[in-house]
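Engineer: Following this message is one structure expressed as structure tokens.
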Amino acid sequence: MSVSSVSPIVTTQTMPTWRQKDAEPFVRIEQINKTFGDFTAVNNVSLDIYKNELFCLLGGSGSGKSTLLRMLAGFESPTSGSIIIDGVDMSNVPPWERPVNMMFQSYALFPHLTVEANVAFGLKREGLPSREVKQRVADILEMVQMGHLARRKPHMLSGGQRQRVALARSLVKRPKLLLLDEPLGALDKKLREETQFELMRLQDELGITFVVVTHDQEEAMTLATRIGVMNNGEIVQTAEPHEVYEYPNNRFVAEFIGNVNLFRGTVVSDERDSAAIQCDDTNGLIALDHGISCAPNQLVNVAIRPEKMRIAREPSSAQNNSAEGVITEVAYMGSQSIYKVRLLSGKEVRITQPNSHRDTGERLTWDDHVYLSWDADSSVVLTS
Amino acid sequence: MKNHSLALKLSAGFGFLFLYAPIVALIIYSFNESKLVTVWGGWSLKWYVELFQNEQIMNAAWVSLKIAFISATLASILGTLAGFVLSRMGKFRGKTMMAGWVTAPLVMPEVITGLSLLLLFVAMESMFGWPAGRGTTTIVIAHTTFCLAYVAVVVQSRLSSLDETLEEAAMDLGAKPVSLFFLITLPLISPAILSGWLLSFTLSLDDLVIASFVSGPGNSTLPMVIFSKVRLGVTPEINALATLMILVVSVAVIAAIFIMRRQNRFQNP
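Have a look at this one:
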């Protein structure tokens, strides 16, 4: 899993809008709730999305992310709360009058219409003159490289081609806000990667605000300017991709995104620029290079990513931030190896190490006695 | 289609024989020269010629076709609406009852349907003077009633298998409910409506029992005329007529099957 890469599209020189304090949000979701009978699908969600963002709603199935998207499109109305898009309250605006288009997970291409007619459908509803409709349809089909298949019916297209038609159809009306429901879900790996970059390019070129729903953390990491992680109908963290990965604010986010080792411990000291946690799992102290503003003796979880731990045959010179154990499993993956180590306390830990040197015959293997170590800035303390 | 055991082939052959032998016999005898139905007298088209010169039969055929066309059309419109309500209105008070009403004619014995409609028409005539007497109008109403059930069932099943995101996509692209219906929903369910129409047409054309109850003098449908003629003895003319009816009905049914099959292929590429 290559989730460690940081979003490559934060390229603007100025500070991104979502970091500016007084920026006006483009989409404002205010304390929205949605219940179906006894089931609460979306629970008190508030969220601001700014112009030109590519915002990812990330979560497992049943986390409420699709319901939230459907409320933005107008297919579901919130039980309480409000949605404001570009300054207009959407409460009483039906789907056909919203400045929003959606690309469906199933693509939802009209099977009885040709590619051309599918794309033209939205423009014709606006009552545009037929010459302009024709021109815009031709342009957008050219852009998604489907011009040569314009007269085909959807059932004569491959999955990737259908997906591009669906994308063209949702873009052709130049919506202010484009919603994408698992846009890459049905594609194979190679097409997914191509499309990811295509989406990012389009977003750059057209300056549309995107909201993408996905369950795939890798997809969210590559695409998004910001990620909203959802669980049980709530947004548990909203942050830029590298923040979500490096500084998860709770246990769910840490475990949902990438792999993580969690150690339970008690806070023994908490200063402004340092803290220490006594941890039974590692039989030692975990030292941090920042304060955590916790109560003394508070029970916390310390999260350390597998790639931030070092593994060696010799003990490290440092006293803290180390542990000792036996390798129980090794997986050689080419560019990196994954080790599972059972610590003296019995705790299982996962470590990934890049294979930066060619095999010298001294590779770590099953049942080797090893020492683990990590830096003071590698661990994240989770209080919830 | 290979390596089937002899027993399977035999039972298939027997099944075909059982179903089609009577029809084939009828068709062959319709080309019989002889005046006696059971005696073969060589090939001839003479009974077809006689048939087309028989004014009573021709009138009845015209009445039947007219009734079948009108009631199939009315049943398609009303049945589509009923199918829509059943599959799209969600849960509402009396939904089970409505579903029951709509499908009742499918299982109700025709004698009972015919009798109850007759009583209704008589009561209505004495109360508001309409329909005045019994004739084409009452047969059309009766046929529409039971054909509607078939259309409703076909349309409802089509609608519930229809991907609802298609309609959402249309709304999302700016289609208001009316244009959504005519541009997306109707084209997608039109094969179901068309096959419902064809089915209704053949059912109406075939019906003897209900029509006998609700028709009046001078408005005999074709099955009624055949039935009354056959009671006086089967003439070769009737064989010719039956052959033509088989032709019409088969074409309609095959067309219905073809339309449904084409639609399935089209929906699930």
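Going down the list, the protein sequences come from chains A and B.
Residues in the first sequence are numbered from 92 upward in steps of one, following this note's numbering.
Residues in the second sequence are numbered from 882 upward in steps of one, following this note's numbering.
Note that the Cβ used here is the ideal one computed from N, Cα and C, for glycine as well.
It should be emphasised that the depicted structure is a prediction, and the values quoted were computed from it without experimental measurement.
Count the other CB atoms, across all protein chains shown, that sit within 10 Å of the CB of Phe127 (chain A); report buried if there are 16 or more and exposed otherwise.
Structural biologist: The sequence position of residue 127 (chain A) within the first sequence is 36, counting from 1. So Phe127 (chain A) ends up on the exposed side.
Engineer: Between Ser171 (chain A) and the rest of its own chain, which residues show a CB-CB distance below 8 Å, the 5 nearest in sequence each way excluded?
Structural biologist: In the first sequence, the residue the question calls residue 171 (chain A) occupies position 80. For Ser171 (chain A), the CB contacts under 8 Å within the same chain, skipping 5 residues up- and downstream, are Gln122, Ile123, Asn124 in chain order.
Engineer: Can you grab the Cα-Cα spacing for the pair Arg216 (chain A) / Ala1050 (chain B), in whole Å?
Structural biologist: The count along the first sequence starts at 1 and reaches residue 216 (chain A) at position 125. The count along the second sequence starts at 1 and reaches residue 1050 (chain B) at position 169. About 13 Å.
Engineer: State yes or no: is the C-beta of Val302 (chain A) within less than 7 Å of the C-beta of Val320 (chain A)?
Structural biologist: As a first step, residue 302 (chain A) is located in the first sequence; it is residue number 211 there, counting from the start. As a first step, residue 320 (chain A) is located in the first sequence; it is residue number 229 there, counting from the start. No; because the gap between Cβ atoms is not below 7 Å, this pair is not in contact.
Engineer: CA-CA distance, Gly437 (chain A) and Asp371 (chain A)?
Structural biologist: To locate residue 437 (chain A), count along the first sequence from 1; it is residue 346. To locate residue 371 (chain A), count along the first sequence from 1; it is residue 280. Those two C-alpha atoms are separated by around 10 Å.
Engineer: Looking at C-alpha atoms only, which residue of A:Phe117, A:Ser447, A:Ser137, A:Glu337 is the closest neighbour of Val191 (chain A)?
Structural biologist: On the first sequence, residue 191 (chain A) is found 100 positions in, with the first residue counted as 1. Cα-wise, what sits closest to Val191 (chain A) is A:Phe117.
Engineer: Taking DSSP's pairing of strands, which residues face Lys431 (chain A) in a bridge?
Structural biologist: What you label residue 431 (chain A) is simply residue 340 of the first sequence in a count that begins at 1. According to DSSP, which records beta bridges pairwise, Lys431 (chain A) is partnered with A:Glu420, A:Arg441.
Engineer: Using beta carbons (cut-off 7 Å, strictly below), is Gly1055 (chain B) in contact with chain A?
Structural biologist: In the second sequence, the residue the question calls residue 1055 (chain B) occupies position 174. True, the Cβ-Cβ gap to chain A drops below 7 Å.
Engineer: Say whether chain B places a C-beta atom closer than 7 Å to the C-beta of Asn192 (chain A).
Structural biologist: By 1-based counting over the first sequence, the position of residue 192 (chain A) is 101. Chain B, which has a Cβ nearer than 7 Å to the Cβ of Asn192 (chain A), makes this yes.
Engineer: Are any of the Cβ atoms in chain A nearer than 7 Å to that of Leu1047 (chain B)?
Structural biologist: As a first step, residue 1047 (chain B) must be located in the second sequence, where it is residue number 166. True, the Cβ-Cβ gap to chain A drops below 7 Å.
Engineer: Using a C-beta cutoff of 7 Å, does Ala1073 (chain B) count as contacting chain A?
Structural biologist: Here residue 1073 (chain B) refers to the residue found at position 192 of the second sequence. Answer no: the Cβ-Cβ gap between Ala1073 (chain B) and chain A never drops below 7 Å.
Engineer: For a test of the three-state rule: what should DSSP assign to Gln287 (chain A), helix, strand or coil?
Structural biologist: As a first step, residue 287 (chain A) must be located in the first sequence, where it is residue number 196. Here Gln287 (chain A) sits in helix by DSSP.
Engineer: Measuring CA to CA, which of B:Trp928, B:Ala893, B:Leu889 is closest to Val1115 (chain B)?
Structural biologist: The count along the second sequence starts at 1 and reaches residue 1115 (chain B) at position 234. With distances taken between Cα atoms, Val1115 (chain B) lies closest to B:Trp928.
Engineer: Where do the N-terminal and C-terminal ends of the beta strand (DSSP E) with Phe1094 (chain B) fall, by residue?
Structural biologist: In the second sequence, counting from the first residue as 1, residue 1094 (chain B) sits at position 213. First-last for Phe1094 (chain B): 1090 to 1095, but that is the alpha helix (DSSP H), not the beta strand (DSSP E).
Engineer: Based on Cα-Cα distance, which residue from A:Ser360, A:Arg441, A:Lys264 lies nearest to Leu297 (chain A)?
Structural biologist: Numbered from its first residue, the first sequence carries residue 297 (chain A) at position 206. Residue A:Lys264 is the option with its Cα nearest to Leu297 (chain A).
Engineer: Can you name, in chain order, every residue of its own chain whose Cβ lies under 7 Å from the Cβ of Ala953 (chain B), other than the five neighbours on each side?
Structural biologist: Taking the first residue of the second sequence as position 1, residue 953 (chain B) is located at position 72. The answer, listed in chain order, is Cys1028, Trp1078, Ser1081, Phe1082, Ser1085.
Engineer: Run through the DSSP bridge pairs and tell me what Met321 (chain A) is partnered with.
Structural biologist: Taking the first sequence and counting its residues from 1, the one referred to as residue 321 (chain A) is at position 230. For Met321 (chain A), which the question treats as bridged, DSSP gives the partners A:Gly150, A:Ile326.
Engineer: Could you work out which residues of chain B lie near His203 (chain A), taking near to mean beta carbons separated by less than 7 Å?
Structural biologist: On the first sequence, residue 203 (chain A) is found 112 positions in, with the first residue counted as 1. What His203 (chain A) touches in chain B: Pro1068, Leu1069.
Engineer: With 16 as the cutoff for other CB atoms within 10 Å, does Ala422 (chain A) come out buried or exposed?
Structural biologist: Indexing the first sequence from 1 puts residue 422 (chain A) at position 331. Exposed is the call here.
Engineer: Does the beta-carbon of Tyr901 (chain B) have 16 or more other beta-carbons within 10 angstroms, so that it is buried, or is it exposed?
Structural biologist: Taking the first residue of the second sequence as position 1, residue 901 (chain B) is located at position 20. Burial call: exposed.
Engineer: Do Ala394 (chain A) and Leu434 (chain A) come within 7 Å of each other at the CB atom, strictly closer than that value?
Structural biologist: Position 343 of the first sequence holds residue 434 (chain A). Position 303 of the first sequence holds residue 394 (chain A). No. Outside cutoff.
Engineer: Could you name the residues of the same chain whose beta carbon sits closer than 8 Å to that of Glu415 (chain A), not counting the 5 residues immediately before and after it, in chain order?
Structural biologist: For the purposes of this step, residue 415 (chain A) is taken as residue 324 along the first sequence, with counting starting at 1. So the list reads Asn374, Pro406, Leu434, Leu435, His460, Val461, Tyr462, Leu463, once near-sequence residues are dropped.
Engineer: Taking CB distances under 7 Å as the criterion, tell me whether Met1005 (chain B) reaches chain A.
Structural biologist: Along the second sequence, read from residue 1 onward, the residue named residue 1005 (chain B) stands at position 124. Closer than 7 Å: no.
Engineer: Quick check on Ser1071 (chain B): does DSSP put it in helix, strand or coil?
Structural biologist: Locating residue 1071 (chain B) in the second sequence gives position 190, where the first residue counts as 1. In the structure shown, Ser1071 (chain B) sits in a helix (DSSP, three-state: H, G or I).
Engineer: Can you check which of these residues, B:Arg1142, B:Ala1123, B:Phe1062, B:Ala1133, is closest to Ser911 (chain B) by C-alpha distance?
Structural biologist: Here residue 911 (chain B) refers to the residue found at position 30 of the second sequence. Nearest option by C-alpha distance: B:Ala1123.
Engineer: Here's the rule: buried if 16 or more other CB atoms are within 10 angstroms of the residue's CB, otherwise exposed. What is Lys156 (chain A)?
Structural biologist: In the first sequence, counting from the first residue as 1, residue 156 (chain A) sits at position 65. Buried: at least 16 other Cβ atoms inside 10 Å.
Engineer: Determine the burial state of Ser93 (chain A): buried for a count of at least 16 other Cβ atoms within 10 Å of its Cβ, exposed for fewer.
Structural biologist: Taking the first sequence and counting its residues from 1, the one referred to as residue 93 (chain A) is at position 2. Interpretation of Ser93 (chain A) is limited by its pLDDT of 43, a score under 50 that renders its predicted location unreliable; the figure taken from the coordinates is listed afterwards. By the neighbour-count rule (16 or more Cβ atoms within 10 Å), Ser93 (chain A) is not buried but exposed.
Engineer: Please list, in chain order, all residues of the same chain as Asn1149 (chain B) whose beta carbon is under 8 Å from its beta carbon, the five residues on each side excluded.
Structural biologist: The count along the second sequence starts at 1 and reaches residue 1149 (chain B) at position 268. Legend: pLDDT at Asn1149 (chain B) = 49, less than 50; position of this residue unreliable, value from coordinates given subsequently. Nothing meets the Cβ criterion.
Engineer: Provide the residue span of the alpha helix (DSSP H) that contains Ser1041 (chain B), from first to last.
Structural biologist: Here residue 1041 (chain B) refers to the residue found at position 160 of the second sequence. Going by DSSP, Ser1041 (chain B) is part of the alpha helix (DSSP H) stretching over 1017 to 1042.
Engineer: The alpha helix (DSSP H) spanning Asp230 (chain A) covers which residue range?
Structural biologist: Position 139 of the first sequence, counted from the first residue, corresponds to residue 230 (chain A). Element bounds for Asp230 (chain A): 221 to 234.
Engineer: Short of 8 Å in beta carbon distance, which residues of its chain neighbour Ser384 (chain A), apart from the five on each side in sequence? Order them along the chain.
Structural biologist: In the first sequence, the residue the question calls residue 384 (chain A) occupies position 293. Within the same chain, Ser384 (chain A) has close Cβ partners Asp361.
Engineer: Count the other CB atoms, across all protein chains shown, that sit within 10 Å of the CB of Lys281 (chain A); report buried if there are 16 or more and exposed otherwise.
Structural biologist: The residue you call residue 281 (chain A) lines up with position 190 of the first sequence. Burial call: exposed.
Engineer: Between which two residues does the alpha helix (DSSP H) holding Gly213 (chain A) run?
Structural biologist: Here residue 213 (chain A) is taken as the residue at index 122 of the first sequence, counted from 1. Run containing Gly213 (chain A): 206 to 216, per the alpha helix (DSSP H) assignment.
Engineer: Determine the extent of the beta strand (DSSP E) in which Leu271 (chain A) is found, giving its start and end residues.
Structural biologist: Translated into the one-based positions of the first sequence, residue 271 (chain A) becomes position 180. 268 to 272 is the span of the beta strand (DSSP E), which, as asked, contains Leu271 (chain A).
Engineer: Which whole-angstrom value is the C-beta distance of Pro245 (chain A) and Pro185 (chain A), which I expect to be below 8 Å?
Structural biologist: In the first sequence, counting from the first residue as 1, residue 245 (chain A) sits at position 154. In the first sequence, counting from the first residue as 1, residue 185 (chain A) sits at position 94. Pro245 (chain A) to Pro185 (chain A), Cβ: 26 Å. No contact.
Engineer: Closest to Val472 (chain A) by C-alpha separation, out of A:Gly165, A:Lys225, A:Asp230, A:Gly382, would be which residue?
Structural biologist: Here residue 472 (chain A) is taken as the residue at index 381 of the first sequence, counted from 1. Closest option to Val472 (chain A), Cα to Cα, is A:Gly382.
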